[in-house]
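In our numbering, the protein residues as written are 1 to 327.
In this text, a Cβ means the ideal position worked out from N, Cα and C, and glycines have one as well.
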Amino acid sequence: MKLPHRRKFLHLAAGAAALPVLQQIARAQAYPLRPVRIVVGIGPGGAPDIVARLIAQWLSERLSQPLIVENRPGAGTNIATDAVVRATADGYTLLLATSANTMNATLFEKLSFNFIQDIAPVASITRTPYVMVVNPSFPAKTVPEFIAYAKANPGRISFGSPGIGTPGHAAGELLKMTTGIDINHIPYRGGAAPALTDLMSGQVQVAIVTTGASIELIRSGKLRPLAMTTSTRLEVLPDIPTVAEFLPGYEASGWLGVGAPKNTPAAIVDILNQEINAGLADSRLKSRLAELGNVALPLSPAGFGKLITEETEKWARVVKFAAMKPE
């Protein structure tokens, strides 16, 4: 091949190789050209649904296109996740990813998808703090006292949760796995309210629930908080210690984020990540999320992916320890 021809060939080859990248950039610059939907695996009205709608409203204003929340509850959020996995990877179908997704990877024996492999992490939104609460008449006032009491009375303490495989259940099983205590899990349906009702009447002795569900009961003295299950104390409840202050390394909390089908163009993922993180820095949106008992959690796509992987591995150990089976 003559040199000029060879140079021309290499130039054309390089141009051809760069073409897909340029096409992705061009699509991203035009994105979105039509409405985007966010599929939520939880019914309307709950805190995750409200967070999804707040983020949808923010993105609608920033991207000048409607973002439509589509509720597809069922099977512990697996129905919604499956729908997004099967969607076209073009940025027009997104998933409200939750901590349940990382639990479900081990909790359910047969899933039609692999969450880590089939969902691209776009952006984390919030972390949901949980608090360990007891009836005011319960003898333990601290986590060490609770552990000592539980060890002295094996099998006599019951802890309530909103159901098998929920963050409150997993947090309690993690406490059992970490300390070796023997306490009985009592699952409830209908969210945290039934468990808290029985906790206040003394039917169960302890529960690990969201701060949103329990903060007013704590402030009114109807429940006694022992500790936050997050790694750091909460600004709105600064006097409540964390479990980790007594059991280093203990951490249990929920989280919400946005995912997309795998192979969604990186440029589109970056646009969504930047806009969501801008929302998490906005004082009004941040305050609204705090009112729901959430803490803003801005991360890069890679950072969010790392969180998902770590959480999946951690809760797999807990699910196996507790021999959890889905309801």
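Backbone CA spacing between residue i and residue j [nearest angstrom]
{"i": "Met228", "j": "Ala47", "result": "19 Å"}
{"i": "Ser137", "j": "Gly202", "result": "9 Å"}
{"i": "Leu234", "j": "Tyr31", "result": "38 Å"}
{"i": "Gly174", "j": "Pro35", "result": "One point to set straight first is that residue 174 is Leu, not Gly, in the sequence displayed. The straight-line gap from Cα to Cα measures roughly 41 Å."}
{"i": "Leu272", "j": "Trp58", "result": "11 Å"}
{"i": "Ser139", "j": "Phe113", "result": "The question names Ser, yet the displayed sequence has Pro at residue 139. Looking at the two C-alpha atoms, the distance is approximately 46 Å."}
{"i": "Leu33", "j": "Ala120", "result": "21 Å"}
Environment of residue i [buried if 16+ CB atoms lie within 10 Å]
{"i": "Asp182", "result": "exposed"}
{"i": "Gln205", "result": "buried"}
{"i": "Pro225", "result": "buried"}
{"i": "Lys325", "result": "exposed"}
{"i": "Thr309", "result": "exposed"}
{"i": "Asp82", "result": "buried"}
{"i": "Thr230", "result": "buried"}
{"i": "Pro129", "result": "buried"}
Span of the beta strand (DSSP E), counted from its first residue to its last, around residue i
{"i": "Pro225", "result": "224 to 228"}
{"i": "Glu235", "result": "First-last for Glu235: undefined, no H or E at that position."}
{"i": "Ser158", "result": "158 to 161"}
{"i": "Ala278", "result": "Premise fails: Ala278 lies in the alpha helix (DSSP H), 266 to 281, not in any beta strand (DSSP E)."}
Cβ-based neighbour list, residue i, same chain, cut-off 7 Å, excluding 5 preceding and 5 following
{"i": "Pro162", "result": "Gly168, Tyr188, Gly191, Ala192, Ala195"}
{"i": "Thr312", "result": "Thr102, Ala105, Ile116"}
Proximal residues to residue i (C-beta, below 6 Å), its chain only, five neighbours per side dropped
{"i": "Ile79", "result": "Arg72"}
{"i": "Ala150", "result": "Ile157, Ile181, Ile183"}
{"i": "Thr264", "result": "Ala89, Gly91, Ala120"}
{"i": "Glu70", "result": "Arg37, Val39"}
{"i": "Asp49", "result": "Val40, Ile42"}
8 Å Cβ shell around residue i - same chain, five flanking residues per side excluded
{"i": "Met177", "result": "Arg317, Val318, Phe321, Ala322"}
{"i": "Leu3", "result": "For Leu3, the predicted model reports a pLDDT of 47, less than 50, meaning its position is unreliable; a value from the coordinates is still stated below. Nothing meets the Cβ criterion."}
Residue i and residue j closer than 8 Å at C-beta
{"i": "Leu54", "j": "Arg288", "result": "yes"}
{"i": "Gly303", "j": "Ser99", "result": "no"}
{"i": "Val131", "j": "Ser220", "result": "no"}
{"i": "Val143", "j": "Val243", "result": "yes"}
Residue interval of the alpha helix (DSSP H) (run including residue i)
{"i": "Leu247", "result": "Where Leu247 is concerned, there is no enclosing alpha helix (DSSP H), given that its DSSP letter is neither H nor E."}
{"i": "Phe115", "result": "115 to 118"}
{"i": "Glu313", "result": "301 to 322"}
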